[in-house]
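Notes for the one structure printed next.
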Amino acid sequence: MNFPDKGMLLDTCKGSVATVALFLAYITLPLAGVLPGIFAPLPGMYYTLKNGKSVGIAIVLISAGSLAILANPMTLFLYLVQSGLMSLVMPYILAKGWGGARAIAFSVSAGLACILLVVLFAWLVRGIDLHGEILKGINSSISQTVKLYEKSGLKEEDLQSLRQGMEQAGAMIGRVYPALILVGLGAVAGFNLLMLRKMAEKFDFQLSIGELKNFRNPDNLIWFVIVPGFALLLKNADVSMAALNLLVLVLSLYFMQGLAVTVHTFERLSVSRLVRTTFYVLLALQPYLAVALALFGIFDLWGNFRTPKQK
């Protein structure tokens, strides 16, 4: 009889404990838990690459079972979509040598497939309108936030402006939340991929990811900006909502291309670490800068900014 290696058992325990701890911090700490939640898939990814898929599957199963006991079913579903599937899919794609972009794409696709299965089950079996429930949740969050500001002693005029702004933002989120979910999954996968690269350099193991500065979307992707843009002019609500979500997804890909051009430019000009850090902080805090970067990525289709200039 072959018994599991003690090192593999220890890694399985460490990976499971770390995953559960990170995800519990994510669901219990309102703001401070965001960072641990982003990196909840990382322990499973690392130990899967180190020991193989059997250890990764064990970590996901143990973590899912623990969260099912300690929390509610919604938390378990959130873990599987945001962390569990990603912990298995991304190391599998990276081990194949298919690169970081495909690893992110397959991880997001796995999360999307899980979401669609739950939506179909809720609609066909339980008769639950998840879209309506999500809209109720958004409106409830807005109402609770407004009440908090009312208690803070805000002036009536300022409170009215705040209420109108939040209602407009809530209406927009209610239309584009499907795209925002996918963009969020892609961001989680990207941050974990970045940490895997750092860990690969530190622990000296081979990992085929590719360079962000070389990322480029297919040229034909521009049609997925042009066609949804014209579709927004139609007065059909369903077509407009689908076009808006598709536009948000594609613009997020062009944001990545703009970011790749920026990273390439920083390296070519030997920009200091302080300037780079300042830029990334502003990028995280200023949405308009992200929009500008997406437009920069679109213009790269014609400008080809990373091609060496002929003297």
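Residue numbering for the sequence shown follows the numbering used here, beginning at 1309 and increasing consecutively. Quick reminder that beta carbons are idealized off the backbone N, C-alpha and C, glycines included. Remember, predicted model here, so these are calculated numbers, not experimental data.
Q: Can you say whether Phe1511 is buried or exposed, counting buried as having 16 or more other CB atoms within 10 angstroms of its CB?
A: Indexing the sequence shown from 1 puts residue 1511 at position 203. Phe1511 comes out exposed.
**Q.** Residue from Gly1407, Leu1462, Ile1335 with nearest C-alpha to Glu1519
**A.** By 1-based counting over the sequence shown, the position of residue 1519 is 211. Here the closest residue by C-alpha is Gly1407.
Q: Buried or exposed for Tyr1588, please, with buried defined as at least 16 other CB atoms from any protein chain shown within 10 angstroms of its CB.
A: The sequence position of residue 1588 within the sequence shown is 280, counting from 1. Per the 10 Å Cβ criterion, exposed.
Q: Out of Leu1515, Pro1344, Cys1321, Val1342, state which residue places its alpha-carbon closest to the alpha-carbon of Ala1366.
A: Taking the sequence shown and counting its residues from 1, the one referred to as residue 1366 is at position 58. Closest by alpha carbon: Cys1321.
Q | Length of the line joining the Cα atoms of Ile1481 and Lys1404 | A | In the sequence shown, the residue the question calls residue 1481 occupies position 173. In the sequence shown, the residue the question calls residue 1404 occupies position 96. When rounded, the distance between both Cα atoms is 37 Å.
Q: Determine the burial state of Tyr1354: buried for a count of at least 16 other Cβ atoms within 10 Å of its Cβ, exposed for fewer.
A: To locate residue 1354, count along the sequence shown from 1; it is residue 46. Buried: at least 16 other Cβ atoms inside 10 Å.
Q | Proximity winner among Val1397, Ser1449, Val1363, Leu1504, relative to Ser1324 (alpha-carbon distances) | A | Your numbering for residue 1324 matches position 16 in the sequence shown. With distances taken between Cα atoms, Ser1324 lies closest to Val1363.
Q) Starting from Pro1298 and walking both ways along the alpha helix (DSSP H), at which residues does that stretch end? A) A question about residue 1298 goes unanswered here, because the residues of the chain that appear run from 1309 up to 1619.
Q: Going by CA-CA distance only, name the one from Gly1419, Gln1472, Leu1438, Val1569 that's closest to Ile1489.
A: Residue mapping note: residue 1489 aligns to position 181 of the sequence shown, counting from 1. Among Gly1419, Gln1472, Leu1438, Val1569, the Cα nearest to that of Ile1489 belongs to Gly1419.
Q. Taking the runs of the alpha helix (DSSP H) that are 4 residues or longer, which of them lie wholly in the region 1500–1568?
A. 1531–1539
Q | Contacts around Ile1606, its chain only, beta-carbon distance under 6 Å, and the 5 residues preceding and following it disregarded | A | Indexing the sequence shown from 1 puts residue 1606 at position 298. Tyr1562.
Q. My guess is that Phe1523 and Gln1468 are in contact by the Cβ rule of under 8 Å, so how many angstroms apart are they, rounded?
A. As a first step, residue 1523 is located in the sequence shown; it is residue number 215 there, counting from the start. As a first step, residue 1468 is located in the sequence shown; it is residue number 160 there, counting from the start. No, Phe1523 and Gln1468 are not in contact; Cβ-Cβ is about 44 Å, not under 8 Å.
Q.
So, for Asn1310: in the same chain, excluding its five sequence neighbours on each side, which residues have a beta-carbon less than 8 Å away from its beta-carbon?
A. Within the sequence shown, the letter at position 2 stands for residue 1310. With a pLDDT of only 49 at Asn1310, under 50, the local geometry of the prediction cannot be trusted, and the value read off the model is given with reservation. Cβ neighbours of Asn1310 beyond the five flanking positions: none.
Q: Give the C-beta separation of Val1484 and Val1556 to the nearest angstrom, bearing in mind that I take them to be a contact with Cβ-Cβ under 8 Å.
A: Within the sequence shown, residue 1484 is the residue found at index 176, counting from 1. Within the sequence shown, residue 1556 is the residue found at index 248, counting from 1. Correct: roughly 5 Å between the Cβ atoms.
**Q.** Beta-carbon proximity check, Ala1326 vs Ile1412, cutoff 8 Å
**A.** Sequence index remark: in the sequence shown, residue 1326 carries index 18 (1-based). Sequence index remark: in the sequence shown, residue 1412 carries index 104 (1-based). Not a contact, by the Cβ cut-off of 8 Å.
Q) Where does Trp1431 sit, in a helix, a strand or coil, going by DSSP? A) Stepping through the sequence shown from its first residue, residue 1431 is reached at position 123. Note: Trp1431 maps to helix in three-state DSSP.
Q. Which residues in the same chain as Ser1417 place their Cβ atom closer than 6 Å to its Cβ, once the five residues preceding and following it in sequence are excluded?
A. The residue you call residue 1417 lines up with position 109 of the sequence shown. Same-chain partners within the cutoff: there are none.
Q: Using only alpha-carbon positions, find the residue among Gly1492, Ile1450, Phe1499 that is nearest to Gln1621.
A: The requested residue 1621 does not occur in the structure, where the chain is confined to residues 1309 to 1619.
**Q.** Selected residue, minimal CA-CA separation from Leu1529, among Asn1544, Thr1586, Leu1554
**A.** By one-based count along the sequence shown, residue 1529 stands at place 221. Considering only alpha carbons, the answer is Leu1554.
Q: Could you check how far apart the C-beta atoms of Ala1598 and Leu1591 are, in whole angstroms? I think they sit under 8 Å.
A: For the purposes of this step, residue 1598 is taken as residue 290 along the sequence shown, with counting starting at 1. For the purposes of this step, residue 1591 is taken as residue 283 along the sequence shown, with counting starting at 1. Correct: roughly 6 Å between the Cβ atoms.
Q: Report buried or exposed for Asp1546, applying the criterion of at least 16 other Cβ atoms within 10 angstroms of its Cβ.
A: Position 238 of the sequence shown holds residue 1546. Answer is exposed; the Cβ neighbour count stays below 16.
Q | CB contact below 8 Å: Asp1512 versus chain B | A | Here chain B cannot be found, since the structure has a single protein chain.
(Q) Just to check my reading of the structure: Leu1402 and Leu1515 have Cβ atoms closer than 8 Å, yes? What is that Cβ distance to the nearest angstrom? (A) Numbered from its first residue, the sequence shown carries residue 1402 at position 94. Numbered from its first residue, the sequence shown carries residue 1515 at position 207. That belief holds up - the Cβ atoms of Leu1402 and Leu1515 are roughly 6 Å apart, short of 8 Å.
Q: Below 7 Å CB to CB, which residues in the same chain sit around Leu1609 once its five sequence neighbours on both sides are set aside?
A: To locate residue 1609, count along the sequence shown from 1; it is residue 301. Residues Asp1527, Ile1530 of the same chain have their beta carbon placed closer than 7 Å to that of Leu1609, with the five preceding and five following residues left out of the count.
(Q) Between Val1571, Ala1495, Lys1358, Pro1595, which has its C-alpha nearest Thr1585's C-alpha? (A) Your numbering for residue 1585 matches position 277 in the sequence shown. Minimum Cα distance to Thr1585 is reached at Val1571.
Q: Tell me where the alpha helix (DSSP H) around Asn1447 begins and ends.
A: In the sequence shown, counting from the first residue as 1, residue 1447 sits at position 139. Here the alpha helix (DSSP H) through Asn1447 covers 1438–1459.
Q.
So the candidates are Thr1383, Tyr1596, Lys1361, Met1507; which of them puts its Cα closest to the Cα of Val1328?
A. What you label residue 1328 is simply residue 20 of the sequence shown in a count that begins at 1. Selected option, being the one with the closest Cα: Thr1383.
Q) What's the call for Ser1391, buried or exposed, on a 16-neighbour Cβ count within 10 Å? A) Stepping through the sequence shown from its first residue, residue 1391 is reached at position 83. Ser1391 comes out buried.
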